[in-house]
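S.K.: Sharing a structure below in structure tokens format, with a few things to ask.
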Amino acid sequence: MMKNKKIHLKAKTTPLYLAIGMICLQAIPAHAAVISDLNQGNIPTIKANSNGSITVNINSASNGGISHNKFTQFDVTQSGVVLNNSAKTSATTVAGNVSGNKNMANGSASLIINEVTQNRASQLKGLVEVAGEKANVIISNPAGITCDGCGFVNTKSATLTTGKPIVENSNLTGVNVSNGTITVTGRGMNDKADFTTLLARTVKINADLKASDLQINTGVNENVPFENGKLVNTGTSGVNTMLPEVGVDVSRLGGMYANKITLISGGQDVGVNNKGLISANTELHINSNGAISNSGTIKTNSGNMQLIAKDINNNAGSISSSTGDITLLAENSINNEKGRIVNQGLLLTNSINLNNNSGLFYGNEVSIVADNIQNKYSDNYQAHDDDNEFMGQGGIQGKSDVNLNANSTLNSLNSIIISETGTISLASNDRLSLDNSVLYAVEKDVILNADMFGLDSNNLGLTETLIKGKDIIINVKKAGTFTKNTKIDADNDIVFNKSARYYPGYITNNGTMNAANEISINNMHFIENYGVISAGKSIDFNADLLDNHNVINSAGNINLSMSEQIFNYKNASILSGQKTTLRAPQIANIGNIIAYGGLNIASNEYYNKGYTYGKVTETPYD
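Mapping the sequence shown onto the UniProt record's numbering, position 283 (from 1) lands on 283, and the numbers just tick up by one.
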């Protein structure tokens, strides 16, 4: 077996010898991948091993435990590189037994910095292994780094960076990043380090990247601190010029796999683009000063996910968590275009605009907060009674509670909002509009709160819509035009309330209201019924005016109390299985009033040209 050759290069030499030394060094193929910077005071020595790998006898450690090594070239072939951190012979995976490094006589390094000083990108195609005591390793090259089959062995933390390390008083005070790209391609990256960091101006993932705890930071960064053996960055601190559109780019061939993933894309409007797979077993955090655009898959298997960006765009992609919570926070808009955002925990979003277009939001509990919420499932969707077939397919759905809170407008068009076991609550501080949609709380209540219903003053608020639940409670602050071919079906009660005293409230029913127990309408100005209003126990209306053109029906009592007028039109019916009480200054009946328990009329002007059934008692209105 050929013995390892050893080259000693002294820092002080004549230019001629220096040139000859460099020529000789570069002429040796085994050494061509790693070349020491001969202009430095301390020069690591390099050995070629019989299996094609390279051993670097790193410089001795400083008082702070740092071995700082500078190279004009640092490439890793498929045979690998050993960073010798032991004064004694060590067994390695890459090179077998490696002789001791005399530079480590006073102790091993806790941090090994490998800094490239020339404008030549590093090509890492094999493993980098620390021989001896486990250490933190940094490979720094401002010209860029390409990883094609790279990885680290026996390292606490592994960092690839295009930044320049700042070492002062035997300590690494930070790393400055101004340019450079890290690219993972070909055979990818499979890192065995406890913690892995990629720190660069931009990062491109075109192959699989596998790690335990992965952090990727992009953008111009000044003095990124080194703490607890890791470079820790929470955002961009440098001045950006000529910004790229994307800081982290994952192609369709790319993928990230780790127990925990943290992505930070710095720079104004610089985003994260994923067309591949980003998969974390536990936690996943993405923070972008630009847009997060996903047309691939972003998922966690057992932990929580948090995405923070200026905009979040899910374009036919999948964002999911098997057991944890998902939090989406956007400065501007969250857009789910034919995508799936699904989890089994809490699904929380907060943005100025939320647009769900032919996509699915699904969580164990769903909480959506935005200035404007637009929910649209399909142009071809038709609302109907049995929407179990649409469970998990589109719209906004929850296993438990579903809460949508809009500071301005909330619109659901041709879509579905379903809760399997919880309450549906929709709240708008301006207008709430439901058009050809389904609101279905299978086991609990539906609660609607709005300043007013309708897209504008000329449009109805609830059109061709089905609302089903145990109790259905509709609160309008100012005014509300209401239903057209809409069905409201409650297992228990239906309640309408108007809260603002000085605004008229309007209810126009062209559909069906059906409650197994009670229907009550409170503090309205005008109730106009062209459809069917039916209750199993009682109906109680309190308003100024009531016009009935069709059917108001209760198996129990009916109490209609108006401050101005009740008008029961021709062919219209007011039917009660028990007592009916009509109270208004003016009452006109040219239809049918049937009260099996008796009819009480409290009015100063009672005009009856219709049909009445039941014992009639008349008293003045007071």
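Even for Gly, the Cβ is constructed at its ideal location relative to N, Cα and C.
Could you round the C-beta distance between isoleucine 205 and valine 250 to whole angstroms and report it? I think they count as a contact, below 8 Å.
M.R.: Position 205 of the sequence shown, counted from the start, is the residue given in the question as residue 205. Position 250 of the sequence shown, counted from the start, is the residue given in the question as residue 250. About 4 Å; that satisfies the 8 Å criterion.
S.K.: Using a Cβ-Cβ cutoff of less than 6 Å, which residues in the same chain neighbour asparagine 558 once the five nearest sequence positions on both sides are dropped?
M.R.: Counted from its first residue, the sequence shown places residue 558 at position 558. For the record, residue 558 in the displayed sequence is isoleucine; it is not asparagine. The answer, listed in chain order, is Ile539, Ser576, Thr580.
S.K.: How many Å lie between isoleucine 286 and alanine 330 at the Cα?
M.R.: As a working note, residue 286 is residue 286 in the sequence shown. As a working note, residue 330 is residue 330 in the sequence shown. Isoleucine 286 and alanine 330 have their C-alpha atoms spaced approximately 12 Å apart.
S.K.: Could you tell me the alpha carbon to alpha carbon distance between proline 225 and glutamate 443, rounded to whole angstroms?
M.R.: Against the sequence shown, residue 225 aligns to sequence position 225. Against the sequence shown, residue 443 aligns to sequence position 443. Distance between the alpha carbons of proline 225 and glutamate 443: 52 Å.
S.K.: Measuring straight from C-alpha to C-alpha, what distance separates alanine 27 and serine 288?
M.R.: Looking up residue 27 in the sequence shown gives position 27. Looking up residue 288 in the sequence shown gives position 288. Confidence in alanine 27 is poor, its pLDDT being 37 and thus under 50, which makes the residue's placement too unreliable to answer from.
S.K.: Do leucine 231 and isoleucine 261 come within 8 Å of each other at the CB atom, strictly closer than that value?
M.R.: Within the sequence shown, the letter at position 261 stands for residue 261. Within the sequence shown, the letter at position 231 stands for residue 231. No.
S.K.: Measure the C-alpha to C-alpha separation of phenylalanine 71 and lysine 310 and round it to an integer number of angstroms.
M.R.: Counted from its first residue, the sequence shown places residue 71 at position 71. Counted from its first residue, the sequence shown places residue 310 at position 310. The straight-line gap from Cα to Cα measures roughly 40 Å.
S.K.: Can you grab the Cα-Cα spacing for the pair alanine 515 / glycine 317, in whole Å?
M.R.: For the purposes of this step, residue 515 is taken as residue 515 along the sequence shown, with counting starting at 1. For the purposes of this step, residue 317 is taken as residue 317 along the sequence shown, with counting starting at 1. Roughly 41 Å separates the two Cα atoms.
S.K.: Which of the three DSSP states, helix, strand or coil, is assigned to lysine 102?
M.R.: Residue numbering aside, residue 102 sits at position 102 when the sequence shown is read from its first letter. DSSP places lysine 102 in helix when its eight states are reduced to three.
S.K.: Tell me whether the beta-carbon of threonine 159 lies closer than 8 Å to the beta-carbon of valine 137.
M.R.: Numbered from 1 along the sequence shown, position 159 holds the residue referred to as residue 159. Numbered from 1 along the sequence shown, position 137 holds the residue referred to as residue 137. Contact: yes.
S.K.: Would you say glutamine 215 faces chain C, with C-beta separation under 8 Å as the test?
M.R.: In the displayed structure, chain C is absent; only one protein chain is listed.
S.K.: Give me, in chain order, the residues of the same chain whose beta-carbon lies closer than 6 Å to that of valine 153; leave out the 5 immediate sequence neighbours on both sides.
M.R.: Taking the first residue of the sequence shown as position 1, residue 153 is located at position 153. These residues qualify, in order along the chain: Thr93, Leu127, Glu129, Lys192.
S.K.: Near threonine 323, which residues of its chain fall below 7 Å by C-beta distance, leaving aside the five closest residues on each side in sequence?
M.R.: Start at 1 with the first residue of the sequence shown, and residue 323 comes out as number 323. Excluding residues within five positions, the ones whose Cβ falls inside 7 Å are Ser302, Gln344, Gly345.
S.K.: For asparagine 85 and glycine 132, which I take to be in contact (beta-carbon distance under 8 Å), what is that distance rounded to the nearest angstrom?
M.R.: Taking the first residue of the sequence shown as position 1, residue 85 is located at position 85. Taking the first residue of the sequence shown as position 1, residue 132 is located at position 132. Confirmed, about 4 Å.
S.K.: Rounded to the nearest angstrom, what separates residue 652 and valine 616 at their Cα positions?
M.R.: The chain is shown only over 1 to 622; residue 652 falls outside these bounds and no answer can be derived.
S.K.: Need the endpoints of the beta strand (DSSP E) that asparagine 217 sits in, please.
M.R.: As a first step, residue 217 is located in the sequence shown; it is residue number 217 there, counting from the start. 213-218 is the extent of the beta strand (DSSP E) around asparagine 217.
S.K.: Quick test of your reading: aspartate 401 and serine 415, contact by CB under 8 Å. State the CB separation rounded to the nearest angstrom.
M.R.: Mapped onto the sequence shown, residue 401 falls at position 401. Mapped onto the sequence shown, residue 415 falls at position 415. Rounded, the Cβ-Cβ distance is 18 Å, inconsistent with contact.
S.K.: Go ahead and pull the three-state DSSP assignment for proline 620.
M.R.: What you label residue 620 is simply residue 620 of the sequence shown in a count that begins at 1. In the structure shown, proline 620 sits in coil (DSSP, three-state: anything other than H, G, I, E or B).
S.K.: Looking only at its own chain, which residues have a Cβ that is under 7 Å from the Cβ of proline 165, when we skip the five neighbours before and after it?
M.R.: Walking along the sequence shown from the start, residue 165 turns up at place 165. Counting only Cβ-Cβ distances below 7 Å, and skipping sequence neighbours, we find Ile113, Glu115, Ile138, Ser140, Leu172, Val175.
S.K.: Between which two residues does the beta strand (DSSP E) containing tyrosine 569 stretch?
M.R.: On the sequence shown, residue 569 is found 569 positions in, with the first residue counted as 1. No beta strand (DSSP E) contains tyrosine 569, which DSSP labels as neither H nor E.
S.K.: Just to confirm my understanding: we take glycine 511, look at its own chain, exclude 5 residues before and 5 after, and list those with CB closer than 6 Å. What are they?
M.R.: Counting from one through the sequence shown, the residue named residue 511 turns up at place 511. Result list for glycine 511: Thr483, Asn485, Thr486, Lys487, Gly531, in chain order.
S.K.: Where does valine 442 sit, in a helix, a strand or coil, going by DSSP?
M.R.: By one-based count along the sequence shown, residue 442 stands at place 442. If DSSP states are grouped into helix, strand and coil, valine 442 belongs with coil.
S.K.: On the criterion of 16 or more Cβ atoms from any shown chain inside 10 Å, does glycine 41 qualify as buried, or is it exposed?
M.R.: Taking the first residue of the sequence shown as position 1, residue 41 is located at position 41. Under this definition glycine 41 is an exposed residue.
S.K.: Compare the beta carbon distance of leucine 582 and isoleucine 594 with 8 Å and say whether it is the shorter of the two.
M.R.: Locating residue 582 in the sequence shown gives position 582, counting from the first residue. Locating residue 594 in the sequence shown gives position 594, counting from the first residue. No, the Cβ-Cβ distance between leucine 582 and isoleucine 594 is not below 8 Å.
S.K.: What is the rounded straight-line gap between the Cα of histidine 8 and the Cα of threonine 155?
M.R.: Residue mapping note: residue 8 aligns to position 8 of the sequence shown, counting from 1. Residue mapping note: residue 155 aligns to position 155 of the sequence shown, counting from 1. Low local confidence applies: a pLDDT of 35 at histidine 8 is under 50, so the model's placement there is unreliable, with the coordinate-based value given in what follows. Using only the alpha carbons, I get a separation of about 27 Å.
S.K.: Assuming serine 265 contacts glycine 219 (C-beta within less than 8 Å), just tell me the rounded distance between them.
M.R.: Here residue 265 is taken as the residue at index 265 of the sequence shown, counted from 1. Here residue 219 is taken as the residue at index 219 of the sequence shown, counted from 1. Indeed, because the Cβ distance is near 7 Å, the residues count as touching under 8 Å.
S.K.: How many angstroms separate the CA atom of glutamine 374 from the CA atom of asparagine 357?
M.R.: Residue 374 sits at position 374 when you count from the first residue of the sequence shown. Residue 357 sits at position 357 when you count from the first residue of the sequence shown. When rounded, the distance between both Cα atoms is 8 Å.
S.K.: List the whole-angstrom C-beta distance separating alanine 207 from arginine 187, where the pair is believed to meet the contact cut-off of C-beta under 8 Å.
M.R.: The residue you call residue 207 lines up with position 207 of the sequence shown. The residue you call residue 187 lines up with position 187 of the sequence shown. Between the beta-carbon of alanine 207 and that of arginine 187 there is about 7 Å, and that keeps the pair under the 8 Å contact cut.
S.K.: In whole angstroms, what separates the C-alpha of serine 279 from that of leucine 466?
M.R.: Residue mapping note: residue 279 aligns to position 279 of the sequence shown, counting from 1. Residue mapping note: residue 466 aligns to position 466 of the sequence shown, counting from 1. Their backbone Cα atoms lie some 38 Å apart in a straight line.
S.K.: Is threonine 463 near isoleucine 447, with beta carbons less than 8 Å apart?
M.R.: Translated into positions along the sequence shown, residue 463 becomes position 463. Translated into positions along the sequence shown, residue 447 becomes position 447. Annotated as distal: threonine 463 and isoleucine 447, with beta-carbon spacing of 8 Å or more.
S.K.: Is valine 167 closer than 8 Å to lysine 125 when the C-beta atoms are compared?
M.R.: For the purposes of this step, residue 125 is identified with residue 125 of the sequence shown, where counting begins at 1. For the purposes of this step, residue 167 is identified with residue 167 of the sequence shown, where counting begins at 1. Not closer than 8 Å, so no.
S.K.: Tell me which same chain residues have a C-beta within less than 6 Å of the C-beta of aspartate 451, skipping the five on either side of it?
M.R.: The count along the sequence shown starts at 1 and reaches residue 451 at position 451. If we look at aspartate 451 and ignore the five residues flanking it on each side, its Cβ neighbours are Asn429, Asp430, Lys477, Lys478.
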